[in-house]
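Below: the structure, in structure tokens.
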């Protein structure tokens, strides 16, 4: 399956047309990580935004897994949008295939495709709610 | 040639390298320097790889400046010469600039091919030419390569076969198109309307090549052309001329962002049906010729069937930071296919592994990695007498760091008040592996394209990043830098 077809199956990209998906797939690289490889590094600048196309990853703080990420999930958006270094590591737990969008391109993409921005905001809001619910 | 005279007969080797282009030659040279027993196999009859045939329009897009502010043949000069292979012996250094006629500061295909042949000859790199790799299997932890000459067994195979197999995107009707590799007679396009599918290197190269002949040219693909990046890149010689005609009002030359729904034959002509990606709507073109400039893939033979994981629609192997397949242990790639390791990609920056300037250093690092992995041989550690000047010198003029920005770093370890040069490693490996206290120097690029020298300090397993101030002349040997680095390492 092509990257554009895979993106079309993910909730984040559900509102985009096939040619818009083609443009996104052709404008960004995909990257594959072996199980155990680090994808996002806590405390280091310049992290990208990643969308998982295939495989799973864990959000880790101090080597301890806090959260599992799967196909269709995205990560790195907080540091990409704020310009601050990530506060956690993301480590591949299986073979992991991601679409990689560098921070400046993410900003342009969200402004060009407000439907995508809205989807992302909703998913972000859900994450925030579940985080708040967990707190004592 | 009689079979008995040919080197590297079938049998057991520590490493088998396949390919005699720049990637294979550089890898074999580096393995030999480290005394690693290996065979170099090539189906060709002579060294040079793709440069015996490509680029079609005969001019490279990679820079070599024959005269530079530093002496030709010095280590620093490698930064001005992106096409020569690298070596320790003076007679093997900077071979390409010596062969250039200086019509451009980019060599021609023939000059590049001659430079590679000269390297192979002077370095006396032996290869078993006329030996074709046919299939692959595992036997325990050994890899077995079946070839036209017989069976080679090894602990690690390094495939340096370029990214040279013409690839066609899955566009209905693209079979009506000639591929880029078949466009070497530009006169054939005289007075014709041409649609070029693809807006990357080969798309613009062919557009530029037929610009003096064709009646009209349309370049179409989904991704917008990044003119801001291209204007600052060595690719501009190929890209910007056709783009410039379009930007001036498109007198018969158009560069458009589209997906191609289909290509169909209409009498003697071809109809190309497209949809906008960065604009809404459809456009149809009737043209005489369609050219598929949709790129190339690595010749992977039966490796995907063995479980080789790939990127870019199956075209490129997905690799670890040391260029090993993420899925097939012992299967390594050198040369252009080493681009399958993206590195940490800070701010989206990629390595220069798809051209000679970058992958010649990858080969050095790979050879050292194989020496450690296969023989348990640690790199030779030179003591570093003065740490701060050493790091500043590396950041100012190390060609490996300047070419492989953000991918390779120079590591200096610290133990009992002494410092040791640990050599070059992929930055990802330094950041993600445990190890003794150490510093790593890396040259990186920020969001605005400014070059930022960066140091990483590992203490007690924790890594901290320190960016130095950019300098307009990229000189990091002044007092303020000395103070900054002294504070980082103290």
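Chains as they are written, first to last, in my numbering: chain A, 313 to 448; chain B, 529 to 1018.
Note that beta-carbon positions come from the ideal geometry of N, C-alpha and C, so glycine has one too.
Since the structure is predicted, the reported quantities are computational estimates derived from the model, not experimental observations.
Distance between beta carbons of residue j and residue i, contact taken as under 8 Å
i             : j             : result
residue 493/B : residue 836/B : Summary: the structure shown does not reach residue 493/B, with chain B confined to residues 529 through 1018, and so no result is reported for it.
residue 566/B : residue 542/B : 6 Å
residue 868/B : residue 846/B : 6 Å
residue 658/B : residue 571/B : 7 Å
residue 905/B : residue 899/B : 4 Å
residue 785/B : residue 400/A : Contact doesn't hold; Cβ gap of about 36 Å is too wide.
residue 964/B : residue 943/B : 6 Å
residue 614/B : residue 604/B : Incorrect: roughly 12 Å between the Cβ atoms, too far for contact.
residue 705/B : residue 720/B : No, residue 705/B and residue 720/B are not in contact; Cβ-Cβ is about 13 Å, not under 8 Å.
residue 780/B : residue 744/B : 4 Å
residue 325/A : residue 428/A : 7 Å
Closest residue to residue i among the options (Cα-Cα distance)
i             : options                     : result
residue 751/B : 788/B, 700/B, 949/B, 853/B  : 788/B
residue 654/B : 549/B, 733/B, 698/B         : 549/B
residue 795/B : 816/B, 786/B, 804/B, 784/B  : 816/B
residue 773/B : 930/B, 588/B, 732/B         : 732/B
residue 681/B : 845/B, 882/B, 968/B, 663/B  : 663/B
residue 882/B : 692/B, 620/B, 640/B         : 692/B
residue 701/B : 790/B, 604/B, 916/B         : 790/B
residue 782/B : 1006/B, 726/B, 706/B, 564/B : 726/B
residue 419/A : 372/A, 354/A, 395/A, 325/A  : 395/A
residue 585/B : 561/B, 620/B, 610/B, 638/B  : 638/B
residue 583/B : 734/B, 558/B, 621/B         : 734/B
residue 728/B : 629/B, 986/B, 755/B         : 755/B
residue 388/A : 368/A, 404/A, 414/A, 338/A  : 414/A
residue 592/B : 623/B, 564/B, 893/B         : 623/B
residue 859/B : 901/B, 683/B, 573/B, 919/B  : 683/B
Chain-ordered neighbours of residue i on chain B, where CB pairs are closer than 8 Å
i             : result
residue 332/A : 805
residue 378/A : Ordered by position in chain B, no residue passes the 8 Å Cβ test against residue 378/A, which lies about 19 Å from the chain.
residue 314/A : 698, 841
residue 400/A : Neighbours of residue 400/A on chain B: none; closest Cβ ~15 Å, over 8 Å.
Neighbour list for residue i in chain A, Cβ cutoff strictly below 9 Å
i             : result
residue 876/B : 340, 341, 358, 360, 412, 413, 414, 415, 416, 417
residue 783/B : Chain A residues near residue 783/B: none, gap ~14 Å exceeds 9 Å.
residue 959/B : 350, 353, 356
Within chain B, partners of residue i - CB distance below 7 Å
i             : result
residue 363/A : Within 7 Å Cβ-Cβ: nothing; residue 363/A doesn't reach chain B, min ~14 Å.
residue 326/A : Those do not exist, as residue 326/A stays about 18 Å from chain B at its closest Cβ, beyond 7 Å.
Amino acids of chain A, ordered along the chain, whose beta-carbon sits closer than 8 Å to that of residue i
i             : result
residue 848/B : 346, 349
residue 855/B : 346, 407
Contact check, residue i vs residue j, beta carbons under 8 Å
i             : j             : result
residue 545/B : residue 552/B : yes
residue 366/A : residue 409/A : yes
residue 972/B : residue 952/B : no
residue 801/B : residue 818/B : no
residue 980/B : residue 996/B : yes
residue 675/B : residue 661/B : yes
residue 627/B : residue 589/B : no
residue 984/B : residue 936/B : no
residue 864/B : residue 850/B : no
residue 538/B : residue 677/B : yes
residue 862/B : residue 688/B : yes
residue 934/B : residue 961/B : no
residue 994/B : residue 924/B : no
Partner residues on chain A for residue i, Cβ-Cβ distance less than 7 Å
i             : result
residue 748/B : Result: empty, since nearest Cβ-Cβ is about 12 Å, beyond 7 Å.
residue 908/B : What residue 908/B touches in chain A: nothing, since even the nearest Cβ is about 28 Å away.
residue 812/B : In chain order: nothing, as chain A lies at least about 15 Å away.
residue 837/B : 344, 407
residue 751/B : 335, 338, 339
residue 977/B : Those do not exist, as residue 977/B stays about 10 Å from chain A at its closest Cβ, beyond 7 Å.
Under 9 Å from the C-beta of residue i: neighbouring residues of chain B
i             : result
residue 369/A : Under the 9 Å cutoff, chain B gives no residues; its nearest Cβ is about 14 Å from residue 369/A.
Mind the definition here: the region 355-365 of chain A touches the region 871-886 of chain B only if three or more C-beta pairs lie below 8 Å; say whether that holds. yes
Tell me, please, whether the region 828-845 of chain B touches the region 701-712 of chain B by the rule of three or more beta-carbon pairs shorter than 8 Å. Not touching, per the Cβ criterion.
So does the region 809-822 of chain B actually touch the region 637-648 of chain B, counting three or more Cβ pairs closer than 8 Å? The region 809-822 of chain B is not in contact with the region 637-648 of chain B.
Evaluate the contact criterion for the region 342-355 of chain A versus the region 434-448 of chain A: three or more CB pairs, one atom per stretch, below 8 Å. In this structure the region 342-355 of chain A does not lie against the region 434-448 of chain A, because fewer than three pairs of beta carbons, one per stretch, are closer than 8 Å.
Per the contact definition of three or more C-beta pairs closer than 8 Å, is the region 901-918 of chain B in contact with the region 956-965 of chain B? The answer is no - the region 901-918 of chain B does not touch the region 956-965 of chain B, with fewer than three Cβ pairs under 8 Å.
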